[in-house]
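Engineer:
There are 2 protein chains.
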Amino acid sequence: MTNQTAAMLVIGDEILSGRTRDSNMHYLANRLTEHGLSLREVRVVADDHAAIVAGVRALRGYDQVFTSGGIGPTHDDITAEAVADAFGVAITHRADAMALLGAHYAARGLEFNEARQRMARIPDTATLIDNPISIAPGFTLGNVHVMAGVPKIFEAMVEGVLSTISRGVPLLSRSLRVERGEGEIATAFAAFNAEWSDLQMGSYPFTQDGKYGTNLVIRGHDAARLDAALEALAQVMA
Amino acid sequence: MTNQTAAMLVIGDEILSGRTRDSNMHYLANRLTEHGLSLREVRVVADDHAAIVAGVRALRGYDQVFTSGGIGPTHDDITAEAVADAFGVAITHRADAMALLGAHYAARGLEFNEARQRMARIPDTATLIDNPISIAPGFTLGNVHVMAGVPKIFEAMVEGVLSTISRGVPLLSRSLRVERGEGEIATAFAAFNAEWSDLQMGSYPFTQDGKYGTNLVIRGHDAARLDAALEALAQVMA
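This is the structure:
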């Protein structure tokens with residue numbers, strides 16, 4: 005069994021200008037790894053129609069695509085239109101989303117005004133993604149899951165979407181901390197990886213109290229095999 | 005005068021697996037904004053030769069491209085080779101980098117072994133980027149600046165590169181905090197942006213103590229014009 009591939013499209017001027025530090029990528033990366041999907045690529049683009057269309061079209065080749073940002077009620081929220089265009093489908097104030105939002109605002113005595121109705125703009129054939137935080141839904145069109153940028157809402161929507169995607173074999177990892185710099189252990193580590201070539205390995209340098217050290221990480225899908233590799237690696241590095 | 009455009013390529017399995025939360029994108033975004041460059045796109049790809057080559061080729065159309073990650077001494081550090089391939093130039097253990105690193109290790113009584121020599125692999129015609137932290141240089145090839153992934157080293161290299169790029173007009177911003185949800189102020193905000201159409205505007209919702217609020221952000225290059233717009237916006241939202 006091969007795990008499904010995934011990509012993410014982060015949409016937002018505020019990320020590219022540095023005003024906001026994105027946290028959705030890191031959240032999604034962890035959840036996909038746990039769920040057994042392989043995140044292969046992330047792109048961050050501006051609130052720009054052409055850039056979003058191009059991003060969606062480029063990433064649709066992966067099995068699952070997750071977007072964040074640009075689905076609110078203000079005029080700079082243009083993601084839904086762009087995703088519809090990327091697929092060449094129409095987008096309207098859809099009855100299901102209108103009913104959902106209409107009931108929400110009616111219950112609170114708030115006007116269901118034109119801006120709020122914008123959040124009911126959903127492409128034809130898309131299915132809604134539940135928003136347990138603030139009601140306004142995301143949507144799934146084909147293999148593209150369109151979600152809010154606000155982290156709490158994004159995270160809730162991710163859980164909803166993942167519940168519809170079958171689990172792959174989670175990528176597991178084991179880590180060995182070595183109190184030597186990368187340059188000292190690199191040759192032995194490369195030889196070790198060549199020997200255990202079914203596993204993916206990476207080395208991540210750190211400094212602590214002015215001394216160099218390295219975290220050696222082994223990744224794979226079989227826990228017993230990883231444990232065996234870790235034990236062997238510890239002997240090599242002892 | 006039009007500001008130069010920029011893009012970033014983040015290279016690393018550890019970001020895509022969720023093991024590491026990237027901080028270099030946010031750092032670079034802020035510094036480019038201050039320096040007057042316009043960051044238009046970021047891509048994150050795996051430690052995969054073909055993915056890095058494709059990423060560099062796709063992003064070379066921007067005026068300046070910044071990469072992070074994959075230039076250390078271990079076998080999973082493959083960025084330099086991939087960037088050389090993207091440009092179709094040869095890569096060797098270059099004399100200038102060999103001299104730099106050789107002197108560094110000699111002074112510390114450390115062996116300048118094969119792994120450490122890997123860090124002297126620099127594409128033909130590239131210029132070196134100074135690494136004041138741990139010596140091993142980055143490089144600039146054409147309009148692509150190849151830097152380390154370790155944040156402290158990345159940040160030092162960014163400063164070195166920016167000192168070689170002429171400043172643009174910094175993108176400035178003003179922010180107005182409104183204690184109302186986006187749905188309530190969206191129509192007025194869109195009309196306001198249409199009136200001040202030379203400025204870029206965005207709205208960013210937040211919740212605090214269970215209440216909705218919105219940060220309205222105005223961006224542009226002229227401080228006096230931004231101040232005037234902020235004052236006008238405050239009156240509209242009062």
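Protein chains in written order, with the numbering used here: chain A, 5 to 242; chain B, 5 to 242.
Glycine is no exception: its CB is placed at the ideal position from the N, C-alpha and C atoms.
Is S207 of chain A buried or exposed, if buried means 16 or more other CB atoms sit within 10 Å of its CB?
Structural biologist: buried
Engineer: Does DSSP put A50 of chain A in a helix, a strand or coil?
Structural biologist: coil
Engineer: In whole angstroms, what is the alpha-carbon distance linking A94 of chain B and F116 of chain B?
Structural biologist: 23 angstroms
Engineer: Pick helix, strand or coil for A11 of chain B, following the three-state DSSP scheme.
Structural biologist: strand
Engineer: Determine the extent of the alpha helix (DSSP H) in which H225 of chain A is found, giving its start and end residues.
Structural biologist: Per DSSP, H225 of chain A belongs to no alpha helix (DSSP H) and is neither H nor E.
Engineer: Where in the region 15-96 of chain A do unbroken runs of the beta strand (DSSP E), each at least 3 residues long, occur, reported from the N-terminal end onward?
Structural biologist: You should have 42-49 and 68-72.
Engineer: Going by C-alpha distance, which of A:A119, A:A110 and A:E186 is nearest E186 of chain B?
Structural biologist: A:A119
Engineer: Does any CB atom of chain A fall closer than 9 angstroms to the CB of T6 of chain B?
Structural biologist: no
Engineer: Scan the region 19-39 of chain A for residues whose Cβ lies nearer than 9 angstroms to a Cβ of chain B and list them as they occur along the chain.
Structural biologist: I19, L20, S21, G22, R23, T24, R25, D26, S27, M29, H30, Y31, L32, A33, N34, R35, L36, T37 and E38
Engineer: Do you know how far the Cα of R181 of chain B is from the Cα of L220 of chain B?
Structural biologist: 6 angstroms
Engineer: Between the beta-carbon of S21 of chain A and the beta-carbon of L175 of chain B, is there less than 9 angstroms?
Structural biologist: Yes, they are a contact pair.
Engineer: Specify, as a first and last residue, the run of the alpha helix (DSSP H) that M151 of chain B falls within.
Structural biologist: Note, M151 of chain B: premise wrong, no alpha helix (DSSP H); beta strand (DSSP E) at V148 to M151.
Engineer: State the start and end residues of the unbroken alpha helix (DSSP H) segment that holds R120 of chain B.
Structural biologist: For R120 of chain B, the enclosing alpha helix (DSSP H) starts and ends at E118 to R122.
Engineer: Is DSSP giving P136 of chain A helix, strand or coil here?
Structural biologist: coil
Engineer: Residues of chain E with CB closer than 9 angstroms to the CB of E45 of chain A, please, in chain order.
Structural biologist: Structure shown: chain E not included; protein chains present are A and B.
Engineer: According to DSSP, is V240 of chain B part of a helix, a strand, or is it coil?
Structural biologist: Looking at V240 of chain B - three-state DSSP - the assignment turns out to be helix.
Engineer: Are there three or more Cβ pairs, one per stretch, closer than 8 angstroms when the region 63-76 of chain A is compared with the region 156-173 of chain A?
Structural biologist: yes
Engineer: In whole angstroms, give me the CA-to-CA distance for A192 of chain A and M151 of chain A.
Structural biologist: 44 angstroms
Engineer: Please name the residue, chosen from B:Q8, B:T131 and B:L41, that lies closest to R2 of chain B on a Cα-to-Cα basis.
Structural biologist: This structure does not reach residue 2 of chain B, given that chain B is present from 5 up to 242, and the question cannot be answered.
Engineer: With V173 of chain B and G59 of chain B assumed to form a contact (beta carbons below 8 angstroms), what rounded beta-carbon distance in angstroms separates them?
Structural biologist: No, V173 of chain B and G59 of chain B are not in contact; Cβ-Cβ is about 29 angstroms, not under 8 angstroms.
Engineer: Closest Cβ-Cβ distance between E159 of chain B and chain A: below 9 angstroms?
Structural biologist: no
Engineer: Assuming contact is defined by CB atoms lying nearer than 9 angstroms, are L32 of chain A and V148 of chain A in contact in what I supplied?
Structural biologist: no
Engineer: Just the C-alpha distance for D226 of chain A and L166 of chain B, rounded to the nearest angstrom, thanks.
Structural biologist: 45 angstroms
Engineer: Are the beta-carbon atoms belonging to P4 of chain B and A101 of chain B less than 9 angstroms from one another?
Structural biologist: What is shown of chain B runs 5 to 242, which leaves residue 4 of chain B out entirely.
Engineer: Are at least three pairs of beta-carbons, each pair with one atom in the region 210-217 of chain A and one in the region 6-16 of chain B, less than 8 angstroms apart?
Structural biologist: No, the region 210-217 of chain A does not touch the region 6-16 of chain B.
Engineer: For the candidate residues B:H30, B:D26 and B:R44, whose alpha-carbon lies nearest to that of Q8 of chain B?
Structural biologist: B:R44
Engineer: Just list the residues that DSSP pairs Y216 of chain B with in beta bridges.
Structural biologist: B:T211
Engineer: For the alpha helix (DSSP H) containing L104 of chain A, list its first residue and its last residue.
Structural biologist: A99 to A111
Engineer: Is there a Cβ of chain B sitting closer than 9 angstroms to that of P209 of chain A, yes or no?
Structural biologist: At least one C-beta of chain B is nearer than 9 angstroms to the C-beta of P209 of chain A.
Engineer: Tell me whether L180 of chain A sits in a helix, a strand or coil according to DSSP, three-state version.
Structural biologist: strand
Engineer: Taking only beta carbons into account, state which residues of the region 140-164 of chain B come closer than 7 angstroms to chain A, listed in chain order.
Structural biologist: V154
Engineer: Rounded to the nearest angstrom, how far is the Cβ of P77 of chain A from that of R122 of chain A, given a contact under 8 angstroms?
Structural biologist: 5 angstroms
Engineer: Select from the region 66-100 of chain A all residues with a C-beta closer than 9 angstroms to any C-beta belonging to chain B, and list them in chain order.
Structural biologist: G76, P77, T78, H79, D80 and D81
Engineer: Please name the residue in A:A195, A:E85 and A:H79 whose C-alpha comes closest to that of A55 of chain A.
Structural biologist: A:E85
Engineer: Helix, strand or coil: how does DSSP classify L234 of chain A here?
Structural biologist: helix
Engineer: Classify L114 of chain B as buried or exposed, calling it buried when 16 or more other Cβ atoms lie within 10 Å of its own Cβ.
Structural biologist: exposed
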